[in-house]
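Working notes for the structure below.
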Amino acid sequence: MKKRGESHRKIFWTATIGIALAVVGFGGCGRKENTLKTAEDAVEPVWEDEITVMHVDAGDARFVAYVEELQERLQMKINLLPYPANADSRHAKVSSLLAAGDSSVDIFAVNDEMINAFKNEGYLEPLQDDVMNEETAWAFQQEYLRTTTMVGDQIYSAPYMLDVLALWINEEYLKEAGLTGIETEEQFRSFLAYDWGEGRYAYGGSWEKTYVFNELGELINLFGGDYFDWDNEKTREAVLFLKECIDRGYTPKDQMIDQYEQMNQKFIDGKYGMVFMYSGSFKKYMDAGVYGKDKIHVTPLPDLGGNHVTYIGTWQYALNKASKHKETAKRFMSYAVSREGSRLYAEMLNSFPARADLLGEDLDITGYAEICDFLNSVEMQVRPIPANSMEYIETVGELFQKYMLEELDLDSYCDQMQELVDENIK
0 MKKRGESHRK IFWTATIGIA LAVVGFGGCG RKENTLKTAE DAVEPVWEDE
50 ITVMHVDAGD ARFVAYVEEL QERLQMKINL LPYPANADSR HAKVSSLLAA
100 GDSSVDIFAV NDEMINAFKN EGYLEPLQDD VMNEETAWAF QQEYLRTTTM
150 VGDQIYSAPY MLDVLALWIN EEYLKEAGLT GIETEEQFRS FLAYDWGEGR
200 YAYGGSWEKT YVFNELGELI NLFGGDYFDW DNEKTREAVL FLKECIDRGY
250 TPKDQMIDQY EQMNQKFIDG KYGMVFMYSG SFKKYMDAGV YGKDKIHVTP
300 LPDLGGNHVT YIGTWQYALN KASKHKETAK RFMSYAVSRE GSRLYAEMLN
350 SFPARADLLG EDLDITGYAE ICDFLNSVEM QVRPIPANSM EYIETVGELF
400 QKYMLEELDL DSYCDQMQEL VDENIK
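Per numbering that gives the first Met the number 0: the sequence shown = residues 0 to 425.
Next comes the structure, spelled out in structure tokens:
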């Protein structure tokens with residue numbers, strides 16, 4: 000067992016965004032200009048190569064357009080299958096297909112929670128000899144690859160999108176409270192304590208048992224605590240703060256059943272003044288017409304006496320070992336994580352590229368400069384996720400909720416969290 004507080008247990012994303020970052024426009028995604036098609040042109044092409052991809056963005060028209068572009072560039076048919084919306088159901092769906100040796104899906108889009116489980120089960124095809132060869136692998140942050148995508152010297156996934164946990168604020172709330180920001184502790188606590196009236200809250204969260212793991216770790220970092228040491232005074236101060244948010248009405252107790260979908264909708268509807276949410280939500284806020292400097296936008300992390308550290312994760316492509324189209328699938332994945340393919344996805348989907356060698360380049364992405372400014376003010380940390388990822392994260396959430404509902408006192412909660420961490424994070 001490792002000692003509490005050992006520095007090497009905190010793994011930081013060290014890719015640097017250039018200070019001289021070019022200011023990018025807030026226009027739409029890059030697309031090919033439409034041209035008039037004849038009836039002959041409209042006939043769907045027939046390609047010899049074909050793959051099936053199960054993807055979290057399968058229902059997004061922008062992703063469909065991206066896939067259509069890739070079909071033309073790669074001369075292959077790409078079939079799309081959607082995921083269940085619920086994270087537990089999504090994880091269970093992939094797990095059941097892989098365990099059954101089902102070959103109907105060639106490529107799965109997976110996040111950090113999923114790959115940390117699946118890479119240890121023998122169901123995925125290693126990628127280090129082709130898709131993630133040495134030249135390509137060096138384009139990504141090395142410690143992140145080692146921690147998240149690898150087992151030994153084998154690489155089991157190829158990251159295509161970076162997700163940054165950011166603090167978002169509703170500018171209308173700031174103006175109402177008579178504040179220009181929440182960067183100082185005084186401003187932050189003044190914002191929390193303001194009387195927002197019935198049905199409105201300073202702070203909204205996603206405290207459902209499989210989601211609160213992210214926010215809990217983020218607050219521990221901001222207060223200067225140590226997620227691996229639950230006797231640490233600052234760690235306890237962070238969880239006391241979260242309990243205070245409930246007790247003083249800064250945030251609603253009923254958010255303990257909310258995942259990101261429900262939290263985001265409440266934020267969009269004006270129920271919350273600020274939330275911690277991943278950068279992938281830019282698209283949701285844009286589509287709802289609430290993104291902008293005078294509406295919902297990213298704000299710097301408050302100075303609460305701790306570290307300006309934020310969690311990052313990626314979405315990745317993983318290849319089903321049972322696939323009957325491995326070479327075609329690898330050709331798709333190789334292009335998707337190449338510089339050209341990564342840039343194309345980022346600009347068409349308004350998302351942040353996972354390749355570290357693209358960070359700081361002039362990309363046509365709405366909110367890109369804003370996120371780059373945010374990243375320049377923080378250290379990015381990989382979340383501590385064990386192989387039994389969903390079981391562990393769910394237990395973290397269950398203990399947190401018991402503490403919030405006063406079924407556990409602070410000492411009992413921290414003792415059980417320490418035991419959980421020691422048993423699972425090696």
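The beta carbon of each residue, even a glycine, is placed where N, CA and C say it ideally should be.
Measuring C-alpha to C-alpha distances from K252 to each of G198, A368, L144 and D421 identifies G198 as the nearest. Residue pairing of M262 in beta bridges, as defined by DSSP: absent, with no partner found. Residue state for V211 is assigned as helix, using DSSP reduced to three classes.
According to the DSSP assignment, Y65 belongs to the alpha helix (DSSP H) that extends over A60 to L73. Taking 8 Å as the cut-off, the Cβ atoms of A86 and Q258 count as close. For K233, the enclosing alpha helix (DSSP H) has its first and last residue at E232 to D246. Setting aside the 5 residues that flank it on each side, G340 is surrounded in the same chain by Y334, each with a C-beta closer than 7 Å to its C-beta; the list follows chain order.
Rounded to whole angstroms, the separation of the alpha carbons of R61 and R72 is 17 Å. Secondary structure note for D253: it is in no beta strand (DSSP E), with a DSSP letter that is neither H nor E. Contact check for E184 against P301 passes: the beta carbons are separated by less than 8 Å.
Within 10 angstroms of the beta-carbon of K174 lie fewer than 16 other beta-carbons, which makes it exposed. Going by C-alpha positions, M403 is about 9 Å away from M255.
For the pair L303 and I168, the Cα-to-Cα distance works out to about 17 Å.
With a threshold of 16 other beta carbon atoms within 10 Å, R382 meets it and is buried. Counting along the chain, the unbroken alpha helix (DSSP H) around M403 starts and ends at S388 to M403. For F139, there is no enclosing beta strand (DSSP E), as DSSP marks it with neither H nor E. Judged by DSSP in its simplified three-state form, Q315 adopts strand.
Following the DSSP letters along the chain, one finds I181 in no alpha helix (DSSP H), marked with neither H nor E. Contact between R338 and L357 holds, since their C-beta atoms are separated by about 7 Å, short of 8 Å. Between I154 and L166 the beta-carbon gap is near 32 Å, outside 8 Å, which marks them as no contact. Of all C-beta pairs linking the segment 112-131 to the segment 359-376, fewer than three are shorter than 8 Å, placing the two stretches out of contact.
The criterion of a C-beta distance shorter than 8 Å is not satisfied by N306 and G180.
Contact between G269 and F190 is absent: CB atoms are separated by about 15 Å, not below the 8 Å threshold.
M379 and W46 have their C-alpha atoms some 42 Å from each other.
Here I106 really is in contact with L318; their C-beta atoms are around 6 Å apart, less than 8 Å.
Under the DSSP assignment, G340 falls outside any beta strand (DSSP E), being part of the alpha helix (DSSP H) whose first and last residues are R338 to L348.
Note on geometry: alpha-carbon atoms of E120 and H296 lie some 40 Å from one another.
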